[in-house]
Every structure is written in C-alpha cells, then in structure tokens.
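All the letters of the sequence shown, read from the start, carry residue numbers 2 to 436 under the numbering used here. The C-beta atom is built at its ideal place from N, Cα and C for all residues, glycine as well. Note that the coordinates shown come from a computational prediction; the quantities given were computed from them, not determined experimentally.
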Amino acid sequence: MFTKILIANRGEIAVRIIRACKEMGVSSVAVYSEADRETLHTALADESVCIGPASAADSYLNAERIISAALATGAAAIHPGYGFLSENRDFAELCEKNGIAFIGPSAETMKALSDKAESKALMKRAGLPVIPGTEALSGLPEALQEAERIGYPVMLKARSGGGGRGIRVIRSREELEKAYTTAEAESRAAFGDGALYLEKYIYPARHIEAQILADEEGHVLCLGERDCSVQRNHQKLIEESPSPAVDAAMRERLVELVREAVPKIGYTGAGTLEFLLDSQGNFWFMEMNLRLQVEHGVTEMLTGVDLVKWQIRTAAGIALNQRQEDVILNGSCIECRINARSTGKVTALHVPGGPFVRFDTFLAQGAEITPFYDPLLGKLIVRAGTREEAVRKMKAALCELVIEGVETNLEEQLALVNEPEFADGSYDLRFMESR
C-alpha cells in the first residue's frame with residue numbers, strides 16, 4: 002500500500018480523495034494554484050505545494066510541476082481525480098517514467114481507449130453493441146460521405162472530447178458543411194486535438210452508465226447503473242441510481258455485457274461505460290471514462306462501496322474482495338449538482354443533515370469562488386428506500402441547503418425535481434430542451 006499520495010486536483014474531488022487517504026492511514030499532498038491558496042483541500046492535506054498561478058494551464062494542467070511536487074514530497078502515487086490530467090496518457094506515462102504510480106489505468110490502456118472512435122471499435126470487438134459511426138475523419142469530404150452512409154441525424158464529436166464538450170447534432174448536409182470547420186477549431190483549442198468523428202444520433206434515448214471496478218487479476222465488479230439523462234448542452238445536472246427506465250432483466254443483461262467486455266481490454270481500476278438506452282430497450286455503447294466520475298457518490302451511497310479507496314487499492318495491486326452476487330442496490334439514490342452562477346465570497350453556508358444525506362463540497366464560510374475553474378460547488382446526494390421517498394428527501398435537502406454570497410442553481414434544481422416527468426421517472430434526454 003502507498004504511504005503517501007499526491008492529489009493532482011482541486012475543489013470537492015480533492016477534498017474527497019484526501020478524506021479517503023486519512024481513513025486509510027495514508028499521508029496526502031495537496032497541490033494548489035495561487036488562486037486556491039486558502040481553499041479547503043490545502044488545509045486538510047498533510048502537505049501542500051503551490052504549483053503555479055491561477056491559470057489551469059500553468060498549474061493543474063502543468064504535468065512537469067505536478068511531477069516535481071510529487072518527487073519533492075516523496076509521494077509514491079498520484080491520484081488525478083476527474084478532469085484536468087485524469088485521462089491524459091502522456092501524464093500517466095510521465096508518472097511511470099518517474100517511478101510514481103498513477104492511480105488509474107496504465108498509459109498503454111489509456112492510449113487504446115482515449116480515442117473515442119478507436120475505443121468504440123475496441124469495445125465492439127469485446128462484444129458490446131456499439132452505436133454506428135466512424136473512426137477519426139480525414140476532413141469534410143469524408144464526413145459528408147459517411148453522414149450519408151449512416152443517415153441523418155448524426156452526432157459530430159471531438160475525438161478527444163470529454164465532459165459533454167465538443168458535441169454537435171447535425172440534421173442535414175448543409176448543417177454539417179457549416180459546422181465542421183468550427184467544430185474542428187474548437188476541438189483543437191479545447192483538447193489540443195482537432196480530430197472529429199461521426200456517430201448515429203439515437204433519439205429519443207436515455208443516458209445510462211455502468212460503474213465498474215477491476216483488479217489486476219481480471220476480476221470485474223459492475224456496481225449497477227446510473228441514469229444521467231437530465232442534461233443541458235450535454236452537461237449533467239441530476240443523476241440517479243438505479244435508473245427508473247431499467248428493469249431487473251435489463252440490468253442483468255447490462256451487467257453481463259460489461260463484465261464480459263472489460264477483462265478483454267485489460268482494464269484496471271475504476272471506470273465507467275456509457276450507453277444510450279433507446280425506446281426499444283436496447284443499450285448502445287458510446288464511450289468509456291477512464292477515471293472517477295463526478296457522480297461516483299451516487300453509486301457509493303447505493304452500494305456501500307468506497308470507489309476512491311478501491312481505486313487506490315487496485316492501483317497498489319490489491320485484489321477485489323467482493324463478488325458480483327454480493328453487490329446490492331439498496332433503495333434509490335439521487336444527486337443534484339450545485340453550480341455557481343457568479344463569483345465572490347461565500348458569506349453564509351448551511352449544509353443539510355439527517356440520515357442518508359451527503360454534500361460533497363469544498364465550501365466553507367468565507368471561501369472565494371473565482372472565475373478560473375469549473376463552476377461545480379458541490380454535489381447533494383440523498384438515499385431512501387424507494388424512489389418516491391428519495392425524490393421527497395431531495396426536495397427537503399435542496400430547501401435546507403443555504404449558500405449565500407454567490408448565485409447558484411439551487412432554485413433551478415428544486416424546480417427540476419418538482420417537474421412531473423422527473424417525479425414519475427419518465428424523463429429522457431429531451432427533458433431539458435424546453436426548460
């Protein structure tokens with residue numbers, strides 16, 4: 002087991018990982034930008050190292066500075082959290098070259114899976130049903146030809162995209178001609194890679210993801226599914242597990258598909274396979290996230306499995322100690338993402354309490370919300386015996402949560418969980434189109 006871990010991230014996920022380290026008796030090292038000097042993760046860690054100015058490019062995305070901090074503090078491993086360098090194969094390789102364990106898949110595995118189009122081809126060979134599409138496109142002429150073959154509407158996606166970015170719905174040849182060059186430029190600016198690919202647009206559909214843990218011995222656990230269909234511009238707002246659209250037979254089929262496919266790709270650690278569920282009950286593989294998901298707490302609350310601790314254990318070569326038949330989806334869990342809509346200082350904070358209510362956050366009274374990073378302030382998660390009870394519990398928790406000094410989306414989240422389509426579980430990816 003590692004004796005010291007550096008957390009190459011910030012905000013609520015850095016706090017979450019530091020807490021896991023403390024519970025495991027592992028020393029933690031926080032890195033921070035100058036804008037984050039006074040934030041909670043720097044106070045909770047055993048050591049803290051400044052790695053640069055406020056700009057993410059000069060701090061949390063600066064691989065060399067993070068490696069230097071790990072070497073200077075004697076950290077045996079680096080946990081990347083999510084976002085930033087978490088799916089960067091060059092960073093994983095740099096860790097390996099410097100004798101530092103990367104808490105995630107190997108650089109070789111990341112290379113095979115980080116290309117969204119290539120990963121679909123790999124998963125198809127592993128036995129998963131894959132959305133019809135292309136590999137990386139050579140340019141607009143090929144895109145036009147392939148779109149005609151697949152049939153409009155199609156999705157134009159960035160090969161190196163993530164977090165819902167770099168995605169466009171294309172409904173005609175004219176739209177594709179107008180969008181291609183712009184999408185290529187945006188992809189290059191956001192991800193350093195302008196490559197694009199196409200896939201069939203399945204509509205209506207629900208966004209379903211399967212959480213897995215895998216160890217070096219090839220054992221795979223599937224910890225049920227999460228429904229992430231409440232999205233605006235491909236950015237998730239609310240997640241829940243189990244999905245109200247997935248019955249026991251469908252879940253059994255999904256678990257079987259996932260557990261058969263993952264060993265064939267040699268994956269180790271925590272990961273998420275994302276699917277579209279169509280109106281006929283078919284699952285279509287979209288992509289695999291090679292890291293901890295923002296919404297991992299939903300699965301933790303539901304199953305009692307600490308995903309962060311098991312990420313650390315599997316990276317240290319420790320085998321999973323649970324069988325698939327022991328995985329129990331205990332009740333119903335819902336998560337609302339609480340985002341900032343302005344900058345400023347948090348002047349008052351009240352976190353809701355009570356049984357099975359969790360708020361993962363980096364906030365404290367006096368915390369400064371800056372414009373430099375993702376607006377996520379925290380994730381409010383509740384669990385109850387039934388979905389109906391979980392919806393009521395979430396409404397109560399949202400009403401109790403108080404964040405003053407900055408504007409947030411609290412009121413919007415409360416309105417969404419009060420919508421009839423959400424209350425009865427009939428929503429799909431169209432839910433936010435008219436809201």
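#### Entry: Neighbourhood of residue 47 by C-beta, 6 angstroms cutoff - its chain only, sequence neighbours within 5 removed
In the sequence shown, residue 47 corresponds to position 46, counting from 1. Closer than 6 angstroms at Cβ, skipping near neighbours: 28, 29.
### Query
If you run the structure through DSSP and keep just helix, strand and coil, what is residue 403?
Translated into positions along the sequence shown, residue 403 becomes position 402. DSSP places residue 403 in strand when its eight states are reduced to three.
### Query
Beta-carbon separation of residue 40 and residue 368 under 9 angstroms?
In the sequence shown, residue 40 corresponds to position 39, counting from 1. In the sequence shown, residue 368 corresponds to position 367, counting from 1. Taking 9 angstroms as the Cβ cut-off, residue 40 and residue 368 qualify as a contacting pair.
### Task
Using 10 angstroms around the beta-carbon of residue 226, count the other beta-carbons present and answer buried if the total reaches 16, otherwise exposed.
Taking the first residue of the sequence shown as 1, we reach residue 226 at position 225. Buried: at least 16 other Cβ atoms inside 10 Å.
### Task
Let me know the secondary structure DSSP gives residue 42 once reduced to three states.
Position 41 of the sequence shown, counted from the start, is the residue given in the question as residue 42. In the structure shown, residue 42 sits in a helix (DSSP, three-state: H, G or I).
### Message
I need the DSSP call for residue 61, collapsed to helix, strand or coil.
### Response
Against the sequence shown, residue 61 aligns to sequence position 60. Residue state for residue 61 is assigned as coil, using DSSP reduced to three classes.
### Query
Under the rule that 16 or more other beta-carbon atoms within 10 Å means buried, what is residue 84, buried or exposed?
As a first step, residue 84 must be located in the sequence shown, where it is residue number 83. Burial call: buried.
### Message
In whole angstroms, give me the CA-to-CA distance for residue 176 and residue 184.
### Response
Taking the sequence shown and counting its residues from 1, the one referred to as residue 176 is at position 175. Taking the sequence shown and counting its residues from 1, the one referred to as residue 184 is at position 183. Those two C-alpha atoms are separated by around 12 angstroms.
### Same chain, Cβ closer than 6 angstroms to residue 336, five either side skipped, listed in chain order
Here residue 336 is taken as the residue at index 335 of the sequence shown, counted from 1. The residues are 240, 296, 299, 380, 382.
### Spatial distance of residue 256 from residue 244 (CA atoms)
Here residue 256 corresponds to residue number 255 of the sequence shown, with the count starting at 1. Here residue 244 corresponds to residue number 243 of the sequence shown, with the count starting at 1. Each residue's Cα considered, the two are about 14 angstroms apart.
### Query
Quick one: what does DSSP say residue 169 is sitting in, helix, strand or coil?
To locate residue 169, count along the sequence shown from 1; it is residue 168. Strand at residue 169.
### Query
For residue 411, is the classification buried or exposed, using 16 other Cβ atoms within 10 angstroms of its Cβ as the cut-off for buried?
On the sequence shown, residue 411 is found 410 positions in, with the first residue counted as 1. Burial call: buried.
### Task
Scan the region 287-369 and note each continuous beta strand (DSSP E) run of 3 residues or more that stays entirely inside, going in chain order.
As for any beta strand (DSSP E) of minimum length 3 sitting wholly inside the region 287-369, the runs are 333-340, 349-351, 358-362, ordered along the chain.
### Task
Could you give the DSSP three-state label for residue 414: helix, strand or coil?
Taking the first residue of the sequence shown as 1, we reach residue 414 at position 413. Correct three-state label for residue 414: helix.
### Task
Select from 98, 204, 262 the residue whose C-alpha is nearest the C-alpha of residue 171.
To locate residue 171, count along the sequence shown from 1; it is residue 170. Residue 204 is the option with its Cα nearest to residue 171.
### Task
Determine the burial state of residue 366: buried for a count of at least 16 other Cβ atoms within 10 Å of its Cβ, exposed for fewer.
Reading the sequence shown from its first residue, position 365 is the one you call residue 366. Around the Cβ of residue 366, a 10 Å sphere holds fewer than 16 other Cβ atoms; the residue is exposed.
### Query
Hey, residue 133 and residue 284 are a contact pair by Cβ (cut 8 angstroms); roughly how many whole angstroms apart?
Along the sequence shown, read from residue 1 onward, the residue named residue 133 stands at position 132. Along the sequence shown, read from residue 1 onward, the residue named residue 284 stands at position 283. Not a contact, Cβ separation roughly 14 angstroms.
### Query
How about residue 216 and residue 160: are their beta carbons less than 9 angstroms apart?
Within the sequence shown, numbered from 1, the residue matching residue 216 stands at position 215. Within the sequence shown, numbered from 1, the residue matching residue 160 stands at position 159. Taking 9 angstroms as the Cβ cut-off, residue 216 and residue 160 do not qualify as a contacting pair.
### Task
Mind reading off the beta-carbon distance from residue 373 to residue 56? Whole number of angstroms is fine, and I expect it under 8 angstroms.
Counting from one through the sequence shown, the residue named residue 373 turns up at place 372. Counting from one through the sequence shown, the residue named residue 56 turns up at place 55. So it is a contact: roughly 7 angstroms between Cβ atoms.
### Query
So, residue 124 versus residue 211, is the Cβ gap smaller than 9 angstroms?
Looking up residue 124 in the sequence shown gives position 123. Looking up residue 211 in the sequence shown gives position 210. Contact annotation: residue 124 and residue 211 have beta-carbon atoms that are not nearer than 9 angstroms.
#### Entry: Which listed residue (116, 308, 140) has its alpha carbon closest to that of residue 442
No statement about residue 442 is possible, as the shown extent of the chain runs from 2 to 436 and does not include it.
### Cβ-Cβ separation, residue 117 to residue 90 (assumed contact under 8 angstroms), whole Å
Along the sequence shown, one-based indexing puts residue 90 at 89. Along the sequence shown, one-based indexing puts residue 117 at 116. Actually they do not touch by this definition, with Cβ atoms about 14 angstroms apart.
### Message
Pop quiz: residue 230 and residue 334 are said to be a contact at Cβ under 8 angstroms. What is the actual Cβ separation, rounded to whole angstroms?
### Response
Along the sequence shown, one-based indexing puts residue 230 at 229. Along the sequence shown, one-based indexing puts residue 334 at 333. The Cβ separation is near 15 angstroms, so there is no contact.
### Task
Assign residue 1 to buried or exposed, taking buried as 16 or more other Cβ atoms, counted over all protein chains shown, within 10 Å of its Cβ.
A question about residue 1 goes unanswered here, because the residues of the chain that appear run from 2 up to 436.
### Message
Please classify residue 80 as buried or exposed, where buried requires at least 16 other C-beta atoms within 10 Å of its C-beta.
### Response
On the sequence shown, position 79 is the one that residue 80 refers to. It is buried - the Cβ of residue 80 has at least 16 other Cβ atoms within 10 Å.
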